[in-house]
Amino acid sequence: MIVGRQYARRLSEIQPFRVMKLMARANELQALGHPVVHMEVGEPDFPTPSAIMEGARVALDEGRTKYTPAEGIGQLREKLATYYQTQYGLDVPTSRIFITSGGSGALLLATALTLNAGEGLLMTDPGYPCSRHFLKSFGADGHLVPVSAGDGYQLSPELVERYWQETTRGVLLASPANPTGAVMNPLTLAQIIELVEVKKGHVIVDEIYHGLYYADQRLPSALSMSDQVIVVNSFSKYFGMTGWRLGWMVVPENAISLVEKLAQNLFICPSSVAQYAALNAFSVEARMEMEGNREEFRERRDFMLGELRELGFGVPIVPEGAFYIYAKIPPGLEESEKFCARLLEHHNVAITPGTDFGFNKADEHVRFSYAQNLQVLSSGIENLKSGLMR
Ligand SMILES: Cc1ncc(COP(=O)(O)O)c(C=O)c1O
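In structure tokens form, the structure reads like this:
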């Protein structure tokens, strides 16, 4: 081993994504024969819709394995423009749509686009941890705003005013959010956008769970409120394409050439086969499959919510989207990391400690993912029950 070689200082401020480690341990235990119930994973259990799989087979047969334009193939950008038209009634010019390497690629591009080193974006704590770590990778900071059930686990214009610092350059919102499943009221979203635009700041809205919203009405995209927002989305969750690494972002007109040169340099292009496969994601057949999955997620949410509340977990607001429930651990039990470790090692159930999502009362919370079928979820609840009786 070479001693004394220094790696970048910024890495000391980037924490590991604990859930990945937890998942690896859960898989290890499973390989040893333990019937572990996975409630930690942030990915749908459903397979990628068959029309998309078929699209990939055709793409391979046609040899679609070369670099594509950095902004993605025209056909897919056009499909997305049509999607905004049919789904949201919005005219989004194709030129503003960039195909990216997952929502993660889009978040990296948005970070590189908006922030200088030493600057930051307001974001919720708890929140998706990688977002603040993307900022750290560019020498910027997540300006964390502690939010609770009383705030609906989302920012508000008041919180934006209160936490805005001299070095704050905007806000990064996610609705529905990870880990809380919380959805921002569209009126609040519009007010925040207006407020931040007055401050000449950036508004980045992570809409990657938009397709997994369980109320009956449609959730408006932030794009309907301003053409200056940056919207991030993904084929991972609603479209069931986590491992394909495909997402997209919509940027303001005056950022197109900047994002283009960033995308060229950082990624060259998103996966070619994945892009051609995703052309079929908008077919009637695929949409029916995805809508069926959404319906099932809603049933699972209702089941899990009832069970967890009965077991004494604190879930003060109904999570309206995504596939997570963020819950306060019942009184008298360990802090979240110890609690999760014990549940995994001794009770065959994997859940994620709150400490993965920030610092705000993180020790008191855990995240349940309900991306498993009802039968698996009920056996997970049985395992959990045994873990609560110490
Ligand atoms: C809120 C949020 N944003 C972005 C991502 C990144 O997802 P992907 O890169 O698979 O699109 C995730 C993944 O879990 C997430 O929860």
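When we follow our numbering, the leftmost residue of the sequence shown carries the number 825, and every step to the right adds one. We put the beta carbon where it would ideally sit given N, CA and C, even for glycine.
Bridge partners - leucine 997, DSSP secondary structure assignment: Taking the first residue of the sequence shown as position 1, residue 997 is located at position 173. Partner(s): Val1029.
Supposed close pair phenylalanine 870, glycine 1064 - CB separation, criterion 8 Å: In the sequence shown, the residue the question calls residue 870 occupies position 46. In the sequence shown, the residue the question calls residue 1064 occupies position 240. Indeed they touch by this definition, with Cβ atoms about 5 Å apart.
Opening and closing residue of the beta strand (DSSP E) in which arginine 1042 lies: Here the question's residue 1042 lines up with position 218 in the sequence shown. Segment: none, arginine 1042 is in no beta strand (DSSP E) and carries neither H nor E.
Threonine 991 versus Ala1105, Lys890, Gly942, residue with shortest Cα-Cα distance: The residue you call residue 991 lines up with position 167 of the sequence shown. When each option's Cα is compared against that of threonine 991, the closest is Gly942.
Counterpart residues of lysine 1152 in DSSP-defined beta bridges: Working through the sequence shown from its first residue, we reach residue 1152 at position 328. Gly1138, His1189.
Limits of the beta strand (DSSP E) - the one that serine 1058 falls within: Counted from its first residue, the sequence shown places residue 1058 at position 234. Taken as a continuous stretch (DSSP letters only), the beta strand (DSSP E) holding serine 1058 covers 1054–1058.
Leucine 853 versus glycine 1204 - alpha carbon distance: On the sequence shown, residue 853 is found 29 positions in, with the first residue counted as 1. On the sequence shown, residue 1204 is found 380 positions in, with the first residue counted as 1. Using only the alpha carbons, I get a separation of about 15 Å.
Cβ-heavy atom distance, aspartate 1030 to ligand 1, below 7 Å: One-based indexing of the sequence shown puts residue 1030 at position 206. With a cutoff of 7 Å, aspartate 1030 counts as near ligand 1, since its C-beta is closer than that to a heavy atom of the ligand.
Same chain, Cβ closer than 8 Å to leucine 1167, five either side skipped, listed in chain order: Numbered from its first residue, the sequence shown carries residue 1167 at position 343. Within the same chain, leucine 1167 has close Cβ partners Val1173, Ala1174, Ile1175, Asn1207, Leu1208, Gly1211.
Cβ shell of alanine 973 (< 8 Å), same chain only, five flanking positions each side left out: For the purposes of this step, residue 973 is taken as residue 149 along the sequence shown, with counting starting at 1. The answer, listed in chain order, is Pro1140, Ile1141.
Proximity test, Cβ basis, 8 Å: leucine 931 and chain C: In the structure shown, chain C does not exist; there is a single protein chain.
One or two residues paired with aspartate 965 in a DSSP bridge: Along the sequence shown, one-based indexing puts residue 965 at 141. Listed as beta-bridge partners of aspartate 965 by DSSP are Gly944.
Distance between tyrosine 1148 and histidine 862 (C-alpha atoms, nearest Å): As a position in the sequence shown, residue 862 is number 38, starting the count at 1. As a position in the sequence shown, residue 1148 is number 324, starting the count at 1. Those two C-alpha atoms are separated by around 13 Å.
Under the three-state DSSP convention, the category lysine 975 falls into: To locate residue 975, count along the sequence shown from 1; it is residue 151. Before going further, note that residue 975 is aspartate rather than lysine in the sequence given. Three-state DSSP puts aspartate 975 in a helix.
Rounded straight-line distance, which links the Cα of leucine 979 to that of glutamate 1188: In the sequence shown, residue 1188 corresponds to position 364, counting from 1. In the sequence shown, residue 979 corresponds to position 155, counting from 1. Cα to Cα, the separation comes out at about 21 Å.
Residues that DSSP places opposite phenylalanine 922 in a beta bridge: Reading the sequence shown from its first residue, position 98 is the one you call residue 922. According to DSSP, which records beta bridges pairwise, phenylalanine 922 is partnered with Met1073.
Closest residue to proline 970 among Tyr987, Ser961, Gly963 (Cα-Cα distance): Taking the sequence shown and counting its residues from 1, one reaches residue 970 at position 146. Taking only the C-alpha atoms, the option nearest proline 970 is Tyr987.
Any non-hydrogen atom of ligand 1 within 7 Å of tyrosine 1194 CB: The sequence position of residue 1194 within the sequence shown is 370, counting from 1. No; taking the cut-off as 7 Å, the Cβ of tyrosine 1194 has no heavy atom of ligand 1 nearer than that.
Cβ-heavy atom distance, tyrosine 952 to ligand 1, below 7 Å: For the purposes of this step, residue 952 is taken as residue 128 along the sequence shown, with counting starting at 1. Flag set: Cβ of tyrosine 952 near ligand 1.
N- and C-terminal bounds of the alpha helix (DSSP H) containing lysine 1209: Taking the first residue of the sequence shown as 1, we reach residue 1209 at position 385. Per DSSP, lysine 1209 belongs to the alpha helix (DSSP H) from 1198–1212.
Residues that proline 1177 bridges to, as DSSP identifies them: If you number the sequence shown from 1, residue 1177 lands on position 353. In the DSSP output, where bridge partners are listed per residue, proline 1177 has Val1190.
Residues near glycine 913 in its chain [Cβ-Cβ closer than 7 Å; skip 5 each side]: Indexing the sequence shown from 1 puts residue 913 at position 89. Within its own chain, no residue has a Cβ closer than 7 Å to the Cβ of glycine 913 once the five positions on either side in sequence are excluded.
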